[in-house]
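K.L.:
My structure is below; once you've seen it, I'll send some questions.
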């Protein structure tokens, strides 16, 4: 069972320009990332780091729906993380 936690766990990482949060799958952590472009294209065109973080938190339910789908499909990056791109929206 996937546990997404809350939007409070979302953090902005300026380098490489993504937001990140952890999803637990049966207690095992999965680092999930959302690209800046994905946020800009789908969450109101935020321009600053603070606005990007706010956009991710405000759209957390939409983001986790898509991240959950990627997890179920096994669309992991080579490093074992999930990366939500604009094309995944």
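Numbering (my numbering), first residue to last: 6 to 94. For glycine and all other residues, C-beta sits at the position ideal for the given N, C-alpha and C. Keep in mind the model is a prediction, meaning the values are calculated, not measured.
1) Can you tell me whether residue 96 is buried or exposed, with buried defined as 16 or more other CB within 10 angstroms of its CB?
2) Quick one, are the C-beta atoms of residue 94 and residue 43 less than 9 Å apart?
3) How far does the beta strand (DSSP E) with residue 30 in it extend, from its first residue to its last?
4) Could you work out which residue in 7, 61 and 72 is closest to residue 45 when comparing CA atoms only?
5) Who does residue 87 pair with in a DSSP beta bridge?
6) For the ligand NAP, is there a heavy atom less than 8 Å away from the beta-carbon of residue 30?
7) Short of 6 Å in beta carbon distance, which residues of its chain neighbour residue 91, apart from the five on each side in sequence? Order them along the chain.
8) Give me the DSSP bridge partner(s) of residue 17.
P.N.:
In short:
1) Not covered by the structure: residue 96. The range shown for the chain is 6 to 94.
2) Your numbering for residue 94 matches position 89 in the chain shown. Your numbering for residue 43 matches position 38 in the chain shown. Yes, the Cβ-Cβ distance between residue 94 and residue 43 is below 9 Å.
3) Residue numbering aside, residue 30 sits at position 25 when the chain shown is read from its first letter. Residues 23-30.
4) Taking the chain shown and counting its residues from 1, one reaches residue 45 at position 40. The candidate whose alpha carbon is nearest that of residue 45 is 61.
5) Against the chain shown, residue 87 aligns to sequence position 82. DSSP output for residue 87 lists 37 as bridge partner(s).
6) Among the ligands in the structure shown, none appear at all, so the ligand NAP cannot be discussed.
7) For the purposes of this step, residue 91 is taken as residue 86 along the chain shown, with counting starting at 1. Closer than 6 Å at Cβ, skipping near neighbours: 42, 43 and 46.
8) Taking the chain shown and counting its residues from 1, one reaches residue 17 at position 12. According to DSSP, which records beta bridges pairwise, residue 17 is partnered with 24.
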